[in-house]
Amino acid sequence: MNDFFINWLASAPVTAVPYALAALGLILSERSGVLNLTAEGLMLVGALAGAGAVLSLHVHPALALIIAMAAASLVSLLFAGLVVVLRVNQVIAGLAVVFFCQGLTGLIGTVAGWQNKQIDSLPSLNIWPLSEIPVIGRIFFMQDPIVYLTIAIFFGVNYVLFRTMLGLRIRSVGENPAAADAAGVSVSLHRIIAIVAGSCLIGLAGGYISVVSVKLWVTGMTGGRGWIAVALVVFARWAPWPALWGALLFGCIEAVIPRIAAAGIAVPQYLMLMTPYLATIAVMVWVGYRQSAVTREPGALGQPHVREERR
Amino acid sequence: MSVALELEGIRKSFDGVVALNDAVFRARPGEVHALLGENGAGKSSLMNVAAGLYAPDAGRIIIGGEAVSLSGPSDARARGIGMVHQHFKLVKPFTIAENILLANRRPSYRGGMQDIRAAIKKQAAELGFDLDPERRVEGLTVAEQQQVEIVKVLVGGVRILILDEPTAVLTDAEAERLLETISGLAASGTAIVLVTHKLHEVKKYADAVTIMRGGKTVTTLDPKQATAAELTELTVGQTAPLPARSQRGNTSTMLNVGALTYARPDGRVMLNGATFFVRAGEIYGIAGVSGNGQAELAETLIGAREPTSGEIFLDGVGNVGNAPATRRAAALAAIPADRYAYALAGGLSIADNFSVASIRSGRYGSLAMIDRAAMRRDAAAAVKEYDVQGVRNVGQKAALLSGGNAQKLVIAREFSREPAVIVAHSPSRGLDARASAAVHESLLAARERGAGVVLISEDLDEVLSLSDRIGVMNKGRIVAEFDRPADRQAIGRAMVDHA
């Protein structure tokens, strides 16, 4: 039984990383007032680009992850153009990008023959001698490098959002674009910056799944994790640290599913799979119940900004 | 003497409507310069040009002796012109310091924050404001938010400060304090432009006043040298003689409004015991400076808003309930100011929009089986009778009608039930001269028929020319009533008096 818990908790960070990075990317973009539903699609783009880079270009996995980030941010420019420049409805544009990416990645992956090919990946770090500590060593000091990098990224994004002029401007554009505009802040520019930067993280989340965690490309392999990330953002109420805790929680839930099955306990797996969504609904009910006092939703989320010449 | 800001021959039009026509303005350093005029006279538009928000179609902007063209608000700020708008431009969830840092760039956040905190404390102390830089704007009172706006502009080092109707949102005591502060600021060399329609503020605090009317600057003079009556006359212009009309004897009262009170959810009292009555065959005009409760009055009368207290009695019906449907059943017709929000469903057809008001009467069949042919027939007849232009067939969407024709459709529907009382709020807003005339004719026709008409309008000319009696609304109450022919100057004074 003890082994069960250690194995479970040691595998939880790997399942949590994609949620954490994707949610953080979405938070960055939504703090600028752009309602971003593209995560599922951009994660697929990142996953395919990462796997493809390793399989065809034989690059180092770390470089493959950078290619994954670049690919996702490139596709996000399409989304940014739609919602910031053309001011298309952000929900529709987000959904369109997801469906487009699902089709595109499936097509490229099949045509290029990347399906189900084993990938050489990043080895786990072994932080000796800390990794020798019983129980804690396996859970905290024998993870792959991206797990540690994710924590660093959270510190970084948190710092940028709340401790820099750039972050102040991005948040102002998300809360009250008219006020930001009057203060001389370019609404379009800062929204595009936030979308592209956030999409880098979403692409990394996708690349991590294919290159580091599963070590394969399979069509549609993100399996709805992007949607859970969207829910996580609401769950975390647009704040980075709660998103990390939420991602860990959801990661633990996901990691326990195969282990429970392996242990021969009969719990329907679908029940487990829906728990993240149930948790999200519970949070939204709570937020709705407590009303505006606790919703920290960016004031202008989902609203295209049109400078009004008169009134 | 030097000139801080000079505007020469400024012209600006919006969609063909001229807002500014050869406006001239000149403010000197160290003076409080009032810009006085009625609603729509062009005061805010002129100052928005000076603040870089509107690009003028023609004219010159001269700042400190140098002719400039402003690329935007931040350009104006860089040249020393700052404006505090009537609607504050603050990010509510941010702290005071964050808001001010946002508008006043610093290279780094940490250093900038320290710099800004010190600047806020210094500036606030100088002005006698009590502002803690770490407080969030959403928790501040309106007066405090305004102080933040003023400090925000001053921290940027402006030499010309424009305040657009700064006292409109303040209590009397707060307004007094603010104006004292502003006078002190002017004494230290800043040029202050005070956009206002309140005469007593001009008389008491301004060193110079420029008066605007109909997009033109009428004159600039020293308010201490002019009487209130002279200023009022310059502001409202000359009175045109009114056409004679049929006199009515004593008729019954159609509508009786008693001590109507309405407080907004944020606690601001918009209606403060408004009381008046309307007789049969009479147009009762309600005049006032916008924001004194007219919109709330119209919406409570129509039933779109529930009053906090007070009574609305309709002749032969008694106290009407709060649901719009009971009022409509009681033959009260509504012509709301925002016709696309409250009067029409743009996506539905003209026939649907026309017949919806009578659908409960059973005239168009039961609720399960609607008689579309009857709806189309009645709508087509109404379109013809009220001369609604641009209708190819009554099945087309109402949103396709122009403003004037949409209003005619609303009137056709409302009048089709022969209402006993009509509430019209700014019925000619945004309409051209011909459409306005048609709307006015309809209201006069209703009067002839014996209906009681409440005409709420910010257009004083409209109220003067149509009304049999005029009530002046000020701070949520009817403060004065005038019989036809009413004295325009007296009405103007009642509108802006310190009620």
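Top line first, the protein sequences correspond to chains A and B.
Final position of the first sequence in numbering that gives the first Met the number 0 is 310; the numbers increase by one with none missing.
Final position of the second sequence in numbering that gives the first Met the number 0 is 498; the numbers increase by one with none missing.
Heads up, the beta-carbon is just placed ideally off N, CA and C, and yes, glycines get one too.
Note that the coordinates shown come from a computational prediction; the quantities given were computed from them, not determined experimentally.
Strictly by DSSP, which residues pair up with residue i?
i	result
B/Leu254	B/Val277, B/Leu313
B/Asn318	B/Phe312
B/Leu162	B/Val83, B/Leu193
B/Thr216	B/Met211
A/Met220	A/Met220 is not bridged to any residue.
B/Ile469	B/Gly284, B/Phe481
B/Ala118	Per DSSP, none; premise fails for B/Ala118.
B/Arg10	B/Ala57
B/Phe24	B/Leu6
B/Ser348	B/Lys396
B/Tyr339	DSSP lists no partner for B/Tyr339.
B/His32	B/Val192, B/Ala207
In this structure, how does DSSP classify residue i when only helix, strand and coil are distinguished?
i	result
B/Gly272	strand
A/Gln117	coil
B/Tyr283	strand
A/Asp2	helix
B/Thr209	strand
A/Trp237	coil
A/Trp127	coil
A/Ile150	helix
B/Phe481	strand
B/Asp129	coil
B/Leu69	coil
B/Ile369	coil
B/Arg105	coil
B/Val157	coil
A/Ile191	helix
B/Asp56	coil
B/Arg428	coil
A/Leu77	helix
B/Arg476	strand
B/His439	helix
B/His199	helix
Beta carbon of residue i: closer than 7 Å to some heavy atom of the ligand SAM?
i	result
A/Leu277	Ligands displayed in this structure: none; no statement on the ligand SAM is therefore possible.
Measuring only between beta-carbons, confirm whether residue i sits less than 8 Å from chain B.
i	result
A/Gly49	no
A/Val184	yes
A/Gly32	no
A/Gly327	No information on residue 327 of chain A is available, as it lies outside the stretch 0 to 310 that chain A covers here.
A/Ala11	no
A/Val40	Correcting the residue type first, residue 40 of chain A is Gly in the shown sequence and not Val. Judged by the 8 Å Cβ criterion, A/Gly40 is not in contact with chain B.
A/Leu188	no
A/Gly298	yes
A/Asn88	no
A/Ala181	yes
Within 8 Å of any Cβ in chain A, is that where the Cβ of residue i sits?
i	result
B/Tyr339	no
B/Ala102	yes
B/Lys42	no
B/Glu97	yes
B/Gly111	yes
B/Pro132	no
B/Lys91	yes
B/Lys88	yes
B/Tyr108	yes
Residues within the segment 156–177 of chain A neighbouring chain B, beta-carbon criterion of under 8 Å: Arg162, Thr163, Met164, Gly166, Leu167, Arg168, Arg170, Ser171, Glu174, Asn175, Ala177
Cβ contact (3+ pairs, closer than 8 Å) linking the segment 82–94 of chain B and the segment 197–208 of chain B: no
Contacting positions in the segment 212–242 of chain A - beta carbon closer than 7 Å to chain B: none
Members of the segment 202–217 of chain B that neighbour chain E once the beta carbon cut-off is set at 7 Å: No chain E appears in the structure shown, which is made up of the protein chains A and B.
Given 8 Å, three or more beta-carbon pairs between the segment 188–205 of chain A and the segment 35–54 of chain A: yes
Cβ contact check for the segment 291–310 of chain B and the segment 367–381 of chain B: 3 or more pairs under 8 Å: no
Short-range partners of chain A found in the segment 64–79 of chain B, where Cβ spacing is below 8 Å: Gly71, Pro72, Ser73, Arg76
contact_flag[the segment 17–32 of chain B, the segment 204–216 of chain A] where n(CB pairs < 8 Å) is 3 or more: no
Meets three-Cβ-pair contact criterion under 8 Å: the segment 186–195 of chain B and the segment 29–36 of chain B: yes
Cβ contact (3+ pairs, closer than 8 Å) linking the segment 307–314 of chain B and the segment 255–263 of chain B: yes
Proximal residues, the segment 465–496 of chain B versus chain A, C-beta separation under 8 Å: none
Validate contact between the segment 141–152 of chain A and the segment 117–128 of chain A using beta carbons, cut 8 Å, 3 pairs: yes
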